[in-house]
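Colleague: Take a look at the following structure, please.
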Amino acid sequence: MGKLLYSAAMSLDGFIAGPGGDMGWLAPYTGGSEGEDLAAEVGALLVGRRTFSGDDPYRGTDGEGKAFGGGWDGPQVVLTRQSFPAVPGVTFCSSLAEGVAAARAAAGEKTVNVLGASVGRACADAGLLDEVAVVVMPVLLGGGVRLFERPGLPVRLELLAQEGTSLRYRVLR
């Protein structure tokens, strides 16, 4: 079974989305190689509803509407209590346990990439998260959605790798 990895691009002041979930701030920083290595290890995505149906940092480009701007294609599991029309390659689940199980089954031995602040925090709170990867972008947003939006139990981390402003941590249990 593959690991559960929460990943995000983050402003230097700790925000992964701007006010109202705006992802436009990330557009000047897309297209780099930061996501390519990560995309190669991902077998499935586990995302929240806001991430799934929210703003797209690749808006107006060939990568619009595609994971990693088109650098990855595969199964997605969306955690939501809302109903959505069927989407090819997307499974909708109403509980964290159901969503994690579905994403792990879809990913096989590969990594489940967790996207979205609420889902990342829920996985951490449930003790399910194995790793956290963050790319710190050279911008101060001043507000928006934080990497971990609300305080919870402390989550101890051990640095696994650092390349420039890309940081990868193991979650210690």
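Here the sequence shown is numbered in my numbering, starting from 10 and rising by one per residue. Here a beta-carbon is modelled for each residue, glycine too, at the ideal position from N, C-alpha and C. This one's a predicted model, so the numbers in the text were calculated from it and none came from an experiment.
My understanding is that L176 touches V128, with C-beta atoms under 8 Å, so please give their C-beta distance in whole angstroms.
Modeller: Residue mapping note: residue 176 aligns to position 167 of the sequence shown, counting from 1. Residue mapping note: residue 128 aligns to position 119 of the sequence shown, counting from 1. Wrong, their Cβ atoms sit about 20 Å apart, outside the cutoff.
Colleague: Note the first and the last residue of the continuous alpha helix (DSSP H) segment covering E107.
Modeller: Position 98 of the sequence shown holds residue 107. Counting along the chain, the alpha helix (DSSP H) containing E107 begins and ends at L105 to A116.
Colleague: Work out the CA separation of F157 and P97 for me, nearest whole Å.
Modeller: As a position in the sequence shown, residue 97 is number 88, starting the count at 1. As a position in the sequence shown, residue 157 is number 148, starting the count at 1. Using only the alpha carbons, I get a separation of about 30 Å.
Colleague: Nearest by alpha-carbon distance to L162: which of L149, R182, L181 and D134 is it?
Modeller: Working through the sequence shown from its first residue, we reach residue 162 at position 153. Checked all of L149, R182, L181 and D134; the closest Cα to L162 is D134.
Colleague: With three or more C-beta pairs closer than 8 Å as the rule, is the region 134-150 touching the region 19-33?
Modeller: yes
Colleague: Please work out which residues of its chain come closer than 7 Å, Cβ to Cβ, to S126, disregarding the five sequence neighbours upstream and downstream, and give them in chain order.
Modeller: In the sequence shown, the residue the question calls residue 126 occupies position 117. The identity of residue 126 in the sequence shown is Ala, whereas the question assumes Ser. Answer for A126: I25, V154, R155, L156, F157 and E158, listed in chain order.
Colleague: Just to check my reading of the structure: V141 and V180 have Cβ atoms closer than 8 Å, yes? What is that Cβ distance to the nearest angstrom?
Modeller: Translated into positions along the sequence shown, residue 141 becomes position 132. Translated into positions along the sequence shown, residue 180 becomes position 171. Confirmed, Cβ separation roughly 7 Å.
Colleague: Considering just the uninterrupted stretch of the alpha helix (DSSP H) at S127, what are its terminal residues?
Modeller: Here residue 127 is taken as the residue at index 118 of the sequence shown, counted from 1. Per DSSP, S127 belongs to the alpha helix (DSSP H) from A126 to D134.
Colleague: According to the neighbour-count rule (16 or more other Cβ atoms, all chains shown, within 10 Å of its Cβ), is M146 buried or exposed?
Modeller: Numbered from its first residue, the sequence shown carries residue 146 at position 137. Classification for M146: buried.
Colleague: Express the C-alpha separation of G11 and A114 in angstroms, rounding to a whole number.
Modeller: Counting from 1 along the sequence shown, the entry for residue 114 is found at position 105. Counting from 1 along the sequence shown, the entry for residue 11 is found at position 2. Distance between the alpha carbons of A114 and G11 is about 9 Å.
Colleague: Does L137 pass the burial test, meaning 16 or more other C-beta atoms within 10 Å, or should it be called exposed?
Modeller: Within the sequence shown, the letter at position 128 stands for residue 137. Flag for L137 reads buried.
Colleague: Of all the options Y178, F61, M19 and L13, which has the alpha carbon lying nearest to the alpha carbon of Y38?
Modeller: Taking the sequence shown and counting its residues from 1, the one referred to as residue 38 is at position 29. Considering only alpha carbons, the answer is M19.
Colleague: Where does L47 sit, in a helix, a strand or coil, going by DSSP?
Modeller: As a working note, residue 47 is residue 38 in the sequence shown. Helix, per DSSP.
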